[in-house]
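Peer 1:
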Amino acid sequence: MSIEKEDKIIIANKEFSSRLIVGTGKFPNYEINRKSLEASEAEIVTVAIRRVNLTDKNQPKLTDYINPKKYTFLPNTAGCFNAVEALRTLKLAKELGGWNLVKLEVLADEKTLYPNMIETINAAEKLVAEGFEVMAYCNDDPVLCKVLEDAGCCAIMPLGAPIGSGLGILNPLNIKLIIEQSDLPVILDAGLGTASDASLAMELGCDAVLVNSAIAEASNPILMAKSFKNAVIAGRQCFISGRMRKKNYADASSPMNNLLTEK
Amino acid sequence: MSIEKEDKIIIANKEFSSRLIVGTGKFPNYEINRKSLEASEAEIVTVAIRRVNLTDKNQPKLTDYINPKKYTFLPNTAGCFNAVEALRTLKLAKELGGWNLVKLEVLADEKTLYPNMIETINAAEKLVAEGFEVMAYCNDDPVLCKVLEDAGCCAIMPLGAPIGSGLGILNPLNIKLIIEQSDLPVILDAGLGTASDASLAMELGCDAVLVNSAIAEASNPILMAKSFKNAVIAGRQCFISGRMRKKNYADASSPMNNLLTEK
Amino acid sequence: MSIEKEDKIIIANKEFSSRLIVGTGKFPNYEINRKSLEASEAEIVTVAIRRVNLTDKNQPKLTDYINPKKYTFLPNTAGCFNAVEALRTLKLAKELGGWNLVKLEVLADEKTLYPNMIETINAAEKLVAEGFEVMAYCNDDPVLCKVLEDAGCCAIMPLGAPIGSGLGILNPLNIKLIIEQSDLPVILDAGLGTASDASLAMELGCDAVLVNSAIAEASNPILMAKSFKNAVIAGRQCFISGRMRKKNYADASSPMNNLLTEK
Amino acid sequence: MSIEKEDKIIIANKEFSSRLIVGTGKFPNYEINRKSLEASEAEIVTVAIRRVNLTDKNQPKLTDYINPKKYTFLPNTAGCFNAVEALRTLKLAKELGGWNLVKLEVLADEKTLYPNMIETINAAEKLVAEGFEVMAYCNDDPVLCKVLEDAGCCAIMPLGAPIGSGLGILNPLNIKLIIEQSDLPVILDAGLGTASDASLAMELGCDAVLVNSAIAEASNPILMAKSFKNAVIAGRQCFISGRMRKKNYADASSPMNNLLTEK
Amino acid sequence: MTQNKIQVFINGKKKLLEKNKNLTEVLKLLKITKNGIAIEINSAVVPKSQYVNTFIKDNDRIEIVQFIGGG
Amino acid sequence: MTQNKIQVFINGKKKLLEKNKNLTEVLKLLKITKNGIAIEINSAVVPKSQYVNTFIKDNDRIEIVQFIGGG
Amino acid sequence: MTQNKIQVFINGKKKLLEKNKNLTEVLKLLKITKNGIAIEINSAVVPKSQYVNTFIKDNDRIEIVQFIGGG
Amino acid sequence: MTQNKIQVFINGKKKLLEKNKNLTEVLKLLKITKNGIAIEINSAVVPKSQYVNTFIKDNDRIEIVQFIGGG
């Protein structure tokens, strides 16, 4: 009876087996995206809403490769810089697929792509009022994460490092504080670059992680997707297993008695 | 056709599928040891040689739980503080099971359990001359690791941190330098505490890792064994996949054009 | 002609030679506080406003030891959890000494003592409107720091780690981003534990640091005050000098030619 | 009566006030070298022995700028790759200036410039036998540092990172273990890049540090020399003062009672 | 502009259309199929069911969007 | 409560005072000197110059504060 | 010590044995089975095949070892 | 090579010298002053006091060194 079987994550009353959420941006093409997604065994994918290209209608369509019936689409508001834009975008997303579960992302500037927390809180309240299930991309300030929780979000998504930076988790203490205080799933979003970064996030107690660039920009995205799948499982198991205590000195693995050389 | 299938590690001309070597010390009992070992899917286990207890012969025996026919036993010289003791110990190991593949471990002191590199090199030469296949526990000095390689060892086993400390990899640069220079398998030995530590070791390019305390001292050793199994696979896949480049600023995962809000 | 002579910091149009601001809390007594302050060569000290003790009027008074004529008092709002309390407190501070230069500190909770950024911004606007010169304790989110700057604060005081934790600077990248974007003095507040922490803050480009617990809780506060004085100068000089480029391999300090042993 | 006055370091029975040893390599020219040295207030400088240039005798001479009567010259064996070369080089150094105090440096390869510890130990024994006072550049392995100590060296000089890398102290735990075990002055040699690196070395308990590239390669070497002077003093004072205890949560600097707002 | 034409903005680009066209007709004109898209006119979403009854007016700002890859 | 007394709160503690006392008198009563303190009544600061003209009323909340060590 | 006894050390502990015993007999005496053990006498390994021909002499240092858990 | 010349190596470079020259003469020849240098012949240091009595032989390897900047 393995832990994986039972250890589900629940977001907005929906149960998921995978704790890895995958973004669909930056892949060389939709075919590699599709294969990487399969390899990742993720159940939720983030997607963006953009204008249809009127001049070239034969461009490949995301939905031709990734089936909204098979995966839970998580429409994001990437590119929105205020609550009004975010709201407009997600209403279109709802019309597109009838989704209520959305990823709110209100950015402050293009250099850091850090969230504008004031606008994010503001937008979260409006979206919740409109009946959306809001998963909120946010900074790693436990205080403001709590405000988002109180605003009725269904998941807190603090950043580990700037989006697409691959720098890992810059402030593990803050992530830990957010997890300790939160009654919601805490999903590490943004900044993860390697398997060990993802594993560490789970070891800190995150309920899931969202990964995009680290997979899409790998030399071998499909294998990297597998890597993250395994890293998330490993990190989750490690968290549940209860790690050994750190020691500043050595502690022998082999008994130091009954040696040949004892008198 | 998955990478795991093909990506074998070869030590002393023997091929292994698992890149996780597990120690058998410190477990609550041999039964949990056995189950953890199975969960880890390791193929090699380290074992110690100690005096038979003459007063109580009914004590459980390691070999009653862990079958030398099923696992590759790697006898170690833990507790030896010079070449002579190590040589004596391994000759007995050979008599015990006819093993040539051994883990050489010549310790300097009980506080750090760091290797005495001079005695280790000295012992390695003698053991190689006697026809042993020597996997050598060593410090993380690339220069002395090279000396061990030239002495005819079949694997280099640098420490990440003091044995049983769970501090992880204290000096990743040295481990990287050792990997870059080495024609032998480099196996990170000692100090790993969590899944992410093991994953990082593999991401640096280690060919395998040896874990004991982190599994044996976990609240749930069996699940932790699974965690390390997955972490090692994740780290290996990450290394092969070629990680994304780190950036000091953000890089959007969703395109910043064709936005609703563009003029 | 030494750099220290010229390299002044300007806060609210006042010029200061020292880049070390010292808190006056937690000292064993006011006498040690006074001596440590002298040793630190700081020019600005933070102070708190509290109720007079009506039952025991013979308690020592801060101002009997630390002369407001000699040091720039920086009244803080420690203990305030909203804008109204902060405003009340600082109006009393103004009445107490006619100070306009104040340290705004609106806390969110007693566990982290992290700032409540929404209330802080709110309070900053009110205080600026009332003619105060506001130095604002804040989190390390560059976006919200910019909002404080736009609200008319005269200095940004991001935290390095929780107040009194001595953990140093948990997220140097954010501190760097704040410095890059800011037209105001950036003063690292909270979390510094050692001289090297203070030096690092200055090397990142901070204009000054505020230290309290690290000095007050040292075994020898007076000597530790000297240590921080020197560390801040060292870090500032290092920042101005332009550090060497990091390299991943060695680069000889002594020429590798004209050796005895060359042919 | 300040600590600096009394807190001397004793190397080979000679007393020094400064705990900063400066290398003389890599400076833009000897004039800047001289000025930086003065700014550093160092008393000991390392120097190399090289062939006189027979074709151009008008090249500037180190000793025309840096007076061996004013500074303690510490001849090094940089560029030597075995004991024989080191011994030859230092005998010439002795003839050059009658120095007994020398810096032994037996390198393994040009990529890492790491010491060859076996040759270093070997050379140290020979040099001690010849009556030299040997300060030994070494790796950060406590076990081999102890061997050097037992060989009769007068100072242990473990590396923080590869020479000229500016990466700081890669393995602080090892440096701490070396300090704990050692009866000799432990001088951190190689790898320091910034003031905070030097301060950290002293906070760990090093008796002194040796700096070359970080000063010589700074945009402003003279000011950087001052920076390191102050950093070393700061770090030393911090070590003696006894740092505050680290805490994982906040601890208020201002009392949380007698607030205006209390009932 | 000629009597029987109106000017609109579709995905930010100026276009001239015949008067009295409904959304369904506009999509046909643009050779865009209904499925996998959503439409907004002047910042208000238009449900698919209403395309046929939604007539484009002068200066309408029409946004036609779809899902694409994003993080 | 007796006719000629009023009840006030000084630094959060209940106190009975004679009617028609001004702040200067209250401070004398409390044996507190003017310098190094500031006073607030019902959340409004009272300038030192006004102590003598400020008469305490029933239920006034008086806060008397000073500087202490703080970070 | 009595004429017909010898003193040996087995796993570090002093023991008295009859003279002219071979290793197989000693093991029987100790109730230890051959399998899963290895034996060294005076720092030299004794192959199992030689137990029966190996007679214990006075002051022999006998080590009987097995595998146990170790890292 | 001519009868009255010898070949030596000075700082690794081949040189021809008259026979029977001592170190002092060689230094004069090379226009190098005694101070701030040290000399080794065939890996053995020559004290300054001995320069005048040290005659260079055929194939001698002479090293003339000084201090330079180093870390």
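Chains as they are written, first to last, in our numbering: chain A, 1 to 263; chain B, 1 to 263; chain C, 1 to 263; chain D, 1 to 263; chain E, 1 to 71; chain F, 1 to 71; chain G, 1 to 71; chain H, 1 to 71.
Don't be surprised by glycine CBs; every beta carbon is placed ideally from N, CA and C.
Small disclaimer: the values here were computed from a predicted structure and weren't measured.
#1: To be precise: take each residue of the stretch 124-148 of chain B, compare its Cβ to all Cβ atoms of chain D, and keep it if any distance is under 9 Å. Which residues remain?
#2: Which of the three DSSP states, helix, strand or coil, is assigned to Val8 (chain H)?
#3: Sort C:Ser227, C:Asn139, C:Ile187, C:Thr89 by Cα distance to Thr112 (chain C) and report the nearest one.
#4: Between Ala195 (chain A) and Glu41 (chain B), is the Cβ-Cβ spacing less than 8 Å?
#5: Flag this pair as touching only if the stretch 6-23 of chain F and the stretch 29-49 of chain C have three or more C-beta atom pairs under 8 Å; answer yes or no.
#6: Answer with buried or exposed for Asp58 (chain E), where buried requires no fewer than 16 other C-beta atoms within 10 angstroms of its C-beta.
#7: Quick one: give me the first and last residue of the beta strand (DSSP E) that Val84 (chain B) is part of.
#8: Three or more C-beta pairs under 8 Å: does that hold for the stretch 228-244 of chain A against the stretch 13-32 of chain A?
#9: Taking Cβ positions only, does Pro268 (chain C) come closer than 8 Å to chain H?
#10: Quick one: which chain D residues come within Cβ less than 9 Å of Val65 (chain F)?
#11: Below 8 Å between beta carbons: does that hold for Ser241 (chain C) and Asn33 (chain D)?
#12: Could you tell me which residues DSSP pairs with Arg51 (chain A) in its beta bridges?
#13: By how many angstroms is the C-alpha of Asp7 (chain A) removed from the C-alpha of Gly235 (chain D)?
#14: Quick check: what's the CA-CA separation for Thr24 (chain D) versus Val186 (chain D)?
#15: Does the beta carbon of Met117 (chain A) come closer than 8 Å to any beta carbon on chain B?
#16: Out of A:Ser199, A:Met244, A:Asp251, point me to the one whose CA is closest to Ile233 (chain A)'s CA.
#17: By how many angstroms is the C-alpha of Arg51 (chain C) removed from the C-alpha of Gln7 (chain F)?
#18: What does the Cβ neighbour count give for Thr33 (chain E), buried or exposed, with the cut at 16 atoms within 10 Å?
#19: Which runs of the alpha helix (DSSP H) at least 4 residues long sit entirely within the stretch 133-211 of chain D? Give them in chain order.
#20: Identify whether Ala124 (chain A) lies in helix, strand or coil by the three-state DSSP scheme.
#21: Closer than 6 Å by C-beta to Cys153 (chain A): which residues in its own chain qualify, once you throw out the five before and the five after it? Chain order, please.
#22: Please report whether the beta-carbon of Ala218 (chain A) lies at a distance below 8 Å from any beta-carbon of chain B.
#23: Starting from Val26 (chain G), follow the alpha helix (DSSP H) in both directions and report where the run begins and ends.
#24: With 16 other CB atoms within 10 Å as the buried threshold, where does Thr55 (chain D) fall?
#25: Against Leu84 (chain H), what residues of chain D qualify as contacts under a CB-to-CB distance less than 9 Å, listed in chain order?
#26: Straight-line CA distance for Asn264 (chain B) to Ser253 (chain A)?
#27: Near Glu217 (chain A), what residues of its chain come up, given a Cβ to Cβ distance below 7 Å and the 5 sequence neighbours on each side ignored?
#28: Please confirm whether Leu104 (chain D) has its beta-carbon closer than 8 Å to some beta-carbon of chain C.
#29: Could you tell me the alpha carbon to alpha carbon distance between Thr77 (chain B) and Tyr65 (chain B), rounded to whole angstroms?
#30: Assuming Asn116 (chain A) contacts Leu127 (chain A) under a Cβ cut-off of 8 Å, what Cβ separation, rounded to an integer in Å, is found between them?
#31: Can you name the residues that DSSP bridges to Leu74 (chain A)?
#32: Which of the three DSSP states, helix, strand or coil, is assigned to Ala108 (chain B)?
#33: With a Cβ-Cβ cutoff of 8 Å, do Gln237 (chain D) and Leu188 (chain C) count as a contact?
#34: Using a Cβ-Cβ cutoff of less than 8 Å, which residues in the same chain neighbour Asn53 (chain H) once the five nearest sequence positions on both sides are dropped?
#35: For Gly160 (chain D) and Arg245 (chain C), which I take to be in contact (beta-carbon distance under 8 Å), what is that distance rounded to the nearest angstrom?
#36: Going by DSSP, what residues sit across from Pro68 (chain C) in a beta bridge?
Peer 2: So, to answer that:
#1: Asn139, Asp140, Asp141, Pro142, Val143, Leu144, Lys146, Val147
#2: strand
#3: C:Asn139
#4: no
#5: no
#6: exposed
#7: Here Val84 (chain B) belongs to no beta strand (DSSP E); instead the alpha helix (DSSP H) covers 83-97.
#8: yes
#9: The displayed coordinates of chain C run from 1 to 263. Any statement about residue 268 (chain C) would go beyond what the structure contains.
#10: Asn258, Leu260
#11: no
#12: E:Val65
#13: 49 Å
#14: 21 Å
#15: no
#16: A:Ser199
#17: 19 Å
#18: exposed
#19: 142-150, 172-181, 195-204
#20: helix
#21: Ala124, Val134, Ala136
#22: yes
#23: 23-30
#24: exposed
#25: The structure shown does not extend to residue 84 (chain H), since chain H is modelled only from 1 to 71, so the question has no answer here.
#26: In the structure as shown, chain B starts at 1 and stops at 263, and residue 264 (chain B) therefore has no counterpart that could be examined.
#27: Lys26
#28: no
#29: 21 Å
#30: Their Cβ separation, rounded to whole angstroms, is 15 Å, which puts Asn116 (chain A) and Leu127 (chain A) out of contact at 8 Å.
#31: A:Thr46
#32: coil
#33: no
#34: Asn22
#35: That pair is no contact at about 17 Å.
#36: Pro68 (chain C) is not bridged to any residue.
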